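*Asks:*
Residue numbers (this note's numbering): 94 to 762.
1. Whose CA, out of 198, 595, 616, lies closest to the CA of residue 162?
2. From residue 479 to residue 442, what distance separates their C-alpha atoms?
3. Confirm, please, whether the CB-CB distance from residue 333 to residue 364 is below 8 Å.
4. Checking the sheet assignment: what are the DSSP bridge partners for residue 456?
5. From residue 539 to residue 604, what distance separates their C-alpha atoms?
6. Distance, Cα to Cα, residue 751 vs residue 737?
7. Pull up the distance between the alpha-carbon of residue 56 and that of residue 123, whole angstroms please.
8. Which of the three DSSP states is assigned to residue 775 in this structure?
9. Alpha carbon to alpha carbon, how far is residue 717 from residue 242?
10. Alpha carbon to alpha carbon, how far is residue 573 from residue 702? Give it in angstroms, no decimals.
11. In the DSSP assignment, what residue or residues form a beta bridge with residue 599?
12. Which whole-angstrom value is the C-beta distance of residue 178 and residue 204, which I expect to be below 8 Å?
13. For residue 636 and chain B, any beta-carbon pair shorter than 8 Å?
14. Need the endpoints of the alpha helix (DSSP H) that residue 154 sits in, please.
15. Out of 500, 542, 337, 321, state which residue places its alpha-carbon closest to the alpha-carbon of residue 346.
16. In the DSSP output, what is residue 141 paired with across the bridge?
17. Hey, residue 625 and residue 665: beta-carbon distance below 8 Å or not?
18. Relative to the alpha-carbon of residue 271, which residue among 505, 326, 689 has its alpha-carbon at the smallest distance?
19. Tell me the rounded alpha-carbon separation between residue 253 and residue 715.
20. Of all the options 233, 545, 599, 653, which has the alpha carbon lying nearest to the alpha carbon of residue 640?
21. In the DSSP assignment, what are the bridge partners of residue 383?
22. For residue 176, which residues from the same chain have a beta carbon less than 6 Å from its beta carbon, with the 5 sequence-adjacent residues on both sides left out?
23. Please identify the residue among 336, 292, 240, 224 whose C-alpha is closest to the C-alpha of residue 277.
24. Taking buried to mean at least 16 other C-beta atoms within 10 Å of its own C-beta, is residue 343 buried or exposed?
25. Specify the secondary structure class of residue 75 as computed by DSSP and reduced to three states.
26. Quick one: measure Cβ to Cβ for residue 281 and residue 250, integer angstroms, because I've assumed they're closer than 8 Å.
27. In the DSSP assignment, the alpha helix (DSSP H) including residue 254 goes from what residue to what residue?
28. For residue 505, collect the residues of the same chain with a Cβ closer than 6 Å to its Cβ; drop the 5 residues on either side in sequence, then sort them by chain order.
29. Buried or exposed, going by whether 16 or more other CB atoms sit within 10 Å of the CB of residue 174?
30. Ignoring anything shorter than 4 residues, give me the alpha helix (DSSP H) runs that lie fully in the region 705-748, in order along the chain.
31. For the ligand SAH, is there any heavy atom lying closer than 7 Å to the beta carbon of residue 215?
32. Quick one: residues in its chain with C-beta nearer than 7 Å to the C-beta of residue 475, no 5 flanking neighbours on either side, listed in chain order?
33. Measure the alpha-carbon distance for residue 181 versus residue 218 and round it to whole angstroms.
34. Below 8 Å between beta carbons: does that hold for residue 529 and residue 503?
35. Among the candidates 227, 541, 498, whose CA atom is the shortest distance from the CA of residue 523?
36. For residue 140, which residues from the same chain have a beta carbon less than 7 Å from its beta carbon, with the 5 sequence-adjacent residues on both sides left out?
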């Protein structure tokens with residue numbers, strides 16, 4: 094039984110049960126994060142809620158403002174993502190009411206990964222959440238057909254834009270194929286079947302041959318194009334989905350075309366040995382004989398495999414050696430960077446060092462040892478780092494870490510925030526510099542930064558650097574970190590930096606310190622603090638912007654003031670949300686408020702109806718965000734009309750329709 098269920102269901106039974114189960118005190122909200130596809134073939138982490146979600150306890154605790162006050166922007170957004178992923182409507186409403194942060198694409202992705210259409214619709218349509226990322230692929234990989242269907246319907250209604258991509262138009266994959274690849278990666282045949290059914294509705298079958306093929310392999314007609322098979326089979330093999338892979342194999346072309354190489358490498362990494370053998374036998378039309386390069390890459394893929402029989406796959410792969418290299422055309426067909434799978438496995442798979450040792454014992458050439466050592470330092474693997482450094486010494490590189498290698502290793506460790514690695518490097522004679530402190534500072538690694546500041550740096554840090562530069566937005570989110578840097582190292586409290594990520598409590602503490610410093614003649618106090626409103630608005634830190642305005646006892650800033658401090662940018666929608674929150678407290682004249690509404694509507698209209706915003710692919714508002722803003726505008730007009738401003742709603746609606754018409758008709762949009 095999950096510990097959450099013990100706390101929720103068993104402890105409340107009676108006093109005796111509560112006494113016996115007193116050790117069960119901590120409610121777990123998250124489980125291991127999931128990865129999702131991102132434009133450019135990279136992966137990013139999505140926060141995943143525990144399956145035993147404590148709905149009532151969550152709402153009781155987080156459904157009020159007080160518990161949110163100590164949380165940084167990152168922590169609040171993570172909690173919101175967990176509530177969205179849980180599928181619990183009450184939890185999501187509680188989080189939306191009190192999180193005080195803008196709704197970024199990470200929140201939408203968490204909801205999509207959770208599979209609740211209601212949560213996705215609440216965020217993307219009702220709340221105007223950013224929906225410009227690869228949401229359909231996330232849903233397909235997770236197997237949520239209902240979410241895929243809803244997203245497609247929303248795009249047909251132009252509420253959501255096409256997914257953003259960094260690929261050139263000639264390299265872009267059709268949406269059906271991209272969704273099918275994601276479904277294969279997750280092993281969800283029912284989504285592929287649905288995609289084929291949709292294609293049949295849109296494109297009638299062409300002749301008896303197509304009908305016969307459809308009857309022979311129901312649900313796989315969407316894979317008919319030869320160039321798609323390699324992508325789909327590779328995705329299924331990488332995910333270890335054997336049944337789907339076996340259905341795709343007959344459609345692979347023979348090895349001279351090069352289509353089978355990536356499938357074999359994916360099978361070596363994601364599938365058991367017998368499946369790998371079957372794939373290689375099929376692709377090679379019999380006993381496989383691999384080129385030295387493909388043999389080498391397959392050994393790396395096997396060594397970085399999560400399957401228990403990875404070592405048996407490694408031994409088998411090394412036995413399949415072709416006498417003589419393949420032609421240059423075949424060499425070029427290999428997957429670029431296949432050997433990087435070994436580096437990517439560091440910190441992810443158990444026994445990374447054991448895998449390196451297995452390759453070395455079998456005389457498989459490893460990537461450059463300094464590269465692997467930097468990877469070990471980056472993930473905090475002290476044992477593997479020690480072995481790699483010893484191996485370098487065995488190759489005649491001296492007893493101590495060389496200056497250049499030591500600096501690179503320290504940079505990797507500082508970037509990852511691994512103090513134990515830094516300590517191990519110090520024992521090997523590594524020296525640290527301000528650049529290492531700066532690396533930890535920029536990455537928000539406060540513990541590593543604090544440790545480095547206590548070392549004899551070469552050259553020594555000036556008091557000026559510690560005073561003005563040791564504080565960044567990434568290390569000032571939590572009150573404990575902020576107090577440490579201020580009290581121990583005299584960090585200058587720059588509100589423009591602090592307000593981007595900090596908690597409400599951290600802001601209040603910083604404002605109190607600035608007032609005290611001014612009273613003691615040590616600084617300007619809050620003289621320039623109003624510009625921090627723009628910084629908080631751009632970062633989407635709505636709760637902090639709201640509280641800062643209260644502390645400054647200032648009138649609500651105009652929209653033009655908020656954007657002029659940072660300029661119009663891809664974060665303008667965050668600024669609009671912040672402006673709306675601040676204007677609720679009043680302080681603007683009617684003329685100023687009308688002008689602000691026109692500016693805000695114009696900004697979003699340009700980005701929502703332009704196909705691509707004026708800032709390129711990085712700034713694109715959705716039509717749903719436009720509708721959300723229009724709804725807020727009409728609500729404000731209704732309030733004005735109720736207060737005696739006759740015709741306010743009709744005028745606002747007319748202005749919106751006129752703006753929509755002008756933007757859509759403009760030649761440059």
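No residue lacks a Cβ here, since even glycine has one placed at the ideal position from N, Cα and C. On a predicted model such as this, the values are computed, not experimentally measured, just so you know.
*Replies:* Result, derived from the coordinates:
1. Distance check between residue 162 and each of 198, 595, 616 places 595 closest, using alpha-carbon atoms only.
2. Our two residues, residue 479 and residue 442, have alpha carbons roughly 18 Å apart in a direct line.
3. Yes, Cβ-Cβ distance for residue 364 and residue 333 is below 8 Å.
4. Residue 456 is not bridged by DSSP to any residue.
5. Taking the CA atoms as reference points, residue 539 sits about 21 Å from residue 604.
6. Cα to Cα, the separation comes out at about 24 Å.
7. One cannot answer for residue 56 here, as it falls past the ends of the chain, which runs 94 to 762.
8. Here the chain covers residues 94 to 762 and nothing more, so residue 775 does not appear.
9. Residue 717 and residue 242: Cα-Cα distance of roughly 17 Å.
10. Cα to Cα, the separation comes out at about 44 Å.
11. Residue 599 is not bridged to any residue.
12. 6 Å between Cβ atoms; contact.
13. Protein chains in the displayed structure number just one, and chain B is not present.
14. DSSP places residue 154 in the uninterrupted alpha helix (DSSP H) bounded by 148-155.
15. Nearest option by C-alpha distance: 321.
16. According to DSSP, residue 141 bridges with 124.
17. The answer is no: Cβ separation not under 8 Å.
18. Residue 326 is the option with its Cα nearest to residue 271.
19. The alpha-carbon separation between residue 253 and residue 715 amounts to approximately 5 Å.
20. The residue from 233, 545, 599, 653 with its alpha-carbon nearest to that of residue 640 is 599.
21. Partner(s): 414.
22. Only 184, 185, 188 meet the Cβ criterion.
23. Residue 277 has its Cα closest to that of 336, out of 336, 292, 240, 224.
24. It counts as exposed.
25. Beyond the ends of the chain as shown, which are 94 and 762, falls residue 75; an answer cannot be given.
26. Contact flag wrong, Cβ pair sits at about 25 Å.
27. Residue 254 -> no alpha helix (DSSP H), and no H or E assigned at all.
28. The residues 467, 470, 471, in chain order, have a CB closer than 6 Å to that of residue 505 in the same chain once the five nearest residues on each side in sequence are set aside.
29. Residue 174 counts as buried, since at least 16 other C-beta atoms from the protein chains shown sit within 10 angstroms of its C-beta.
30. Fully enclosed alpha helix (DSSP H) runs of 4 or longer: 716-735.
31. With respect to the ligand SAH, the structure shown offers nothing to examine, as it has no ligands at all.
32. Around residue 475: 513, 514, 517.
33. Residue 218 has its alpha-carbon roughly 17 Å from the corresponding atom of residue 181.
34. Closer than 8 Å, so yes.
35. Checking every option, the nearest Cα to that of residue 523 belongs to 498.
36. Taking residue 140 as the centre and dropping the five residues before and after it, the same chain places the C-beta of 123, 126, 171, 174, 175, 178, 203 closer than 7 Å to its C-beta, in chain order.
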